[in-house]
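Following: one structure in structure tokens, then a few remarks.
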Amino acid sequence: MSQKKRILTGDTPTGKLHLGHYVGSIETRLALQDDYDCYFLIANKHAFTTRADKPDQIRQSVIEIATDWLAVGIDPTKSTMFIQSEVPAIDELTFFLAMLIPFNRVMRNPTLNAEIRDKGLGDNYPFGFPMYAVGQCADILAFRPELVPVGEDQIPHLELTREVARRFDQMYCNVDPHTKDEDFVKSGGLFPIIQPKLGRVKRLVGTGAPSAETGQLLKMSKSLNNAIFLADDADTVQKKVMSMYTDPKRLKATDPGTVENNPLWIFHEIFNPDQNWVQENEDLYRQGKVGDVAMKRKLVEVLNTLIEPIRTRRKQFEARPDDVIDVLREGTKRANAVAEETLYLAKKAMKQDYFPRKLTIG
Ligand code: TRP
Numbered sequence: 002m003s004q005k006k007r008i009l010t011g012d013t014p015t016g017k018l019h020l021g022h023y024v025g026s027i028e029t030r031l032a033l034q035d036d037y038d039c040y041f042l043i044a045n046k047h048a049f050t051t052r053a054d055k056p057d058q059i060r061q062s063v064i065e066i067a068t069d070w071l072a073v074g075i076d077p078t079k080s081t082m083f084i085q086s087e088v089p090a091i092d093e094l095t096f097f098l099a100m101l102i103p104f105n106r107v108m109r110n111p112t113l114n115a116e117i118r119d120k121g122l123g124d125n126y127p128f129g130f131p132m133y134a135v136g137q138c139a140d141i142l143a144f145r146p147e148l149v150p151v152g153e154d155q156i157p158h159l160e161l162t163r164e165v166a167r168r169f170d171q172m173y174c175n176v177d178p179h180t181k182d183e184d185f186v187k188s189g190g191l192f193p194i195i196q197p198k199l200g201r202v203k204r205l206v207g208t209g210a211p212s213a214e215t216g217q218l219l220k221m222s223k224s225l226n227n228a229i230f231l232a233d234d235a236d237t238v239q240k241k242v243m244s245m246y247t248d249p250k251r252l253k254a255t256d257p258g259t260v261e262n263n264p265l266w267i268f269h270e271i272f273n274p275d276q277n278w279v280q281e282n283e284d285l286y287r288q289g290k291v292g293d294v295a296m297k298r299k300l301v302e303v304l305n306t307l308i309e310p311i312r313t314r315r316k317q318f319e320a321r322p323d324d325v326i327d328v329l330r331e332g333t334k335r336a337n338a339v340a341e342e343t344l345y346l347a348k349k350a351m352k353q354d355y356f357p358r359k360l361t362i363g
């Protein structure tokens with residue numbers, strides 16, 4: 002097994018990846034895959050929390066995510082991509098870890114509450130819905146990683162993971178409660194107290210108008226229909242950009258424009274490699290000397306330059322679905338080797354290591 006420090010992160014398969022995923026987390030993964038032993042999990046069980054009635058769709062989305070990962074440049078010879086539900090040690094850890102978290106603590110998790118609100122679940126969610134937050138602690142701890150690259154919305158899950166790890170190490174590995182987070186493993190703990198790693202952009206806005214309720218620009222999201230996907234063709238990118246929301250008070254190119262909270266400029270600031278150009282044209286825009294259309298055309302060019310190589314690689318992998326499955330099979334084997342070791346050590350610490358076992362998958 003590799004001597005490099007480990008990274009674990011994952012995506013729930015809800016469909017194709019978009020630019021928000023790219024700047025929120027994919028970029029970090031690409032930057033780190035040479036220096037770390039990376040594990041990327043496809044959280045297919047999480048998809049069942051809200052779509053248990055759509056197994057075909059979930060299966061399709063699992064393949065889409067893996068194809069997207071390969072297309073953006075995650076290299077299966079360096080990084081391990083795997084399917085959550087094919088790593089049984091994660092489920093087994095979930096049960097034990099669930100004993101270390103008060104139920105009320107799980108239900109106070111702000112990410113769960115935001116999901117309940119935003120998806121309109123009311124009190125109509127399954128038992129498995131809050132359970133997924135405990136499952137996510139196990140997803141992470143099964144790999145005892147150093148870093149967990151995520152978007153801002155995942156921070157509450159990582160805080161729960163840190164709490165569970167501290168409790169486990171104190172309860173079963175005799176780690177003193179006053180130990181500093183970074184010293185838990187040194188002091189005999191099985192689980193590290195993991196660190197989140199946020200991306201360059203914490204929350205990318207979508208291409209649409211602000212929320213009618215809050216007046217705030219909405220986050221890019223497939224379900225809000227305001228996303229530019231990494232798989233979009235050049236014409237689709239053009240259509241989405243040319244019709245994107247900008248300054249609503251600006252009716253013609255000679256009106257002074259507002260740059261702040263304007264998705265057109267938010268996108269230029271994030272994606273345009275020529276930031277001098279952006280600065281200059283923001284000034285001209287403020288003075289009413291450049292039009293929306295020209296600025297949008299430039300943005301189309303910028304985004305298509307970023308997406309084009311991804312799109313080309315994606316087509317190649319789309320044509321070879323069996324290769325994508327093989328990458329997942331190999332990755333899942335490697336993931337199981339690590340997770341089985343963790344489970345064995347956890348059971349030993351809990352005095353529940355009765356029999357040896359050998360897992361065969363793939
Ligand atoms: N909940 C994450 C999301 O929806 C996906 C996920 C599952 C994850 N398990 C994880 C992320 C472990 C980081 C670490 O985006």
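Numbering of the sequence shown is given in the numbering used here, commencing with residue 2 and proceeding in unit increments. The beta-carbon is built from N, C-alpha and C at its ideal position, and this holds for glycine as well.
{"Item": "Report the residue from Arg287, Lys198, Ile195, Gly136 whose alpha carbon sits nearest the alpha carbon of Asp256.", "Value": "Arg287"}
{"Item": "For a test of the three-state rule: what should DSSP assign to Pro150, helix, strand or coil?", "Value": "strand"}
{"Item": "Closer than 7 Å to a non-hydrogen atom of the ligand NAD - does that hold for the CB of Leu9?", "Value": "The ligand NAD is absent from the structure shown, which contains only the ligand TRP."}
{"Item": "Taking DSSP as the reference, what is the three-state secondary structure of Pro111?", "Value": "helix"}
{"Item": "Taking 7 Å as the cut-off, does the CB of Leu42 come closer than this to any heavy atom belonging to the ligand TRP?", "Value": "yes"}
{"Item": "Is Gly11 helix, strand or coil by DSSP?", "Value": "strand"}
{"Item": "Any heavy atom of the ligand TRP within a distance shorter than 7 Å of the CB on Asp12?", "Value": "yes"}
{"Item": "Rounding to the nearest angstrom, what Cα-Cα distance links Lys120 and Thr51 in this structure?", "Value": "9 Å"}
{"Item": "Between the segment 247-267 and the segment 289-307, do at least 3 Cβ pairs fall closer than 8 Å?", "Value": "yes"}
{"Item": "Just the Cα atoms here: how many angstroms apart are Lys181 and Phe169?", "Value": "15 Å"}
{"Item": "Could you check how far apart the C-beta atoms of Leu9 and Pro146 are, in whole angstroms? I think they sit under 8 Å.", "Value": "4 Å"}
{"Item": "Hey, Leu20 and Leu205: beta-carbon distance below 8 Å or not?", "Value": "yes"}
{"Item": "I need the boundaries of the beta strand (DSSP E) containing Pro264, first residue and last residue.", "Value": "Where Pro264 is concerned, there is no enclosing beta strand (DSSP E), although the alpha helix (DSSP H) it sits in stretches over 264-272."}
{"Item": "Could you tell me whether any non-hydrogen atom of the ligand TRP is closer than 7 Å to the CB of Asp324?", "Value": "no"}
{"Item": "If you follow the alpha helix (DSSP H) that Pro38 is in, where does it begin and where does it stop?", "Value": "At residue 38 the sequence reads Asp, which differs from the Pro that was named. First-last for Asp38: 38-43, but that is the beta strand (DSSP E), not the alpha helix (DSSP H)."}
{"Item": "For the beta strand (DSSP E) that contains Leu18, what are its first and last residues?", "Value": "Taken as a continuous stretch (DSSP letters only), Leu18 belongs to no beta strand (DSSP E), as it is neither H nor E."}
{"Item": "I believe Val107 touches Ala134 by the beta-carbon criterion, under 8 Å. Please report the beta-carbon distance rounded to the nearest angstrom.", "Value": "5 Å"}
{"Item": "Is any non-hydrogen atom of the ligand TRP found closer than 7 Å to the C-beta of Asp140, if you look at the structure I gave you?", "Value": "yes"}
{"Item": "Name the DSSP beta bridge partners of Met82, please?", "Value": "Phe41"}
{"Item": "Check whether the Cβ of Val151 sits closer than 7 Å to any heavy atom of the ligand TRP, and report yes or no.", "Value": "yes"}
{"Item": "Starting from Leu199, follow the beta strand (DSSP E) in both directions and report where the run begins and ends.", "Value": "196-199"}
{"Item": "From this set, Phe356, Gln196, Lys297, which residue's C-alpha is nearest Pro264's C-alpha?", "Value": "Lys297"}
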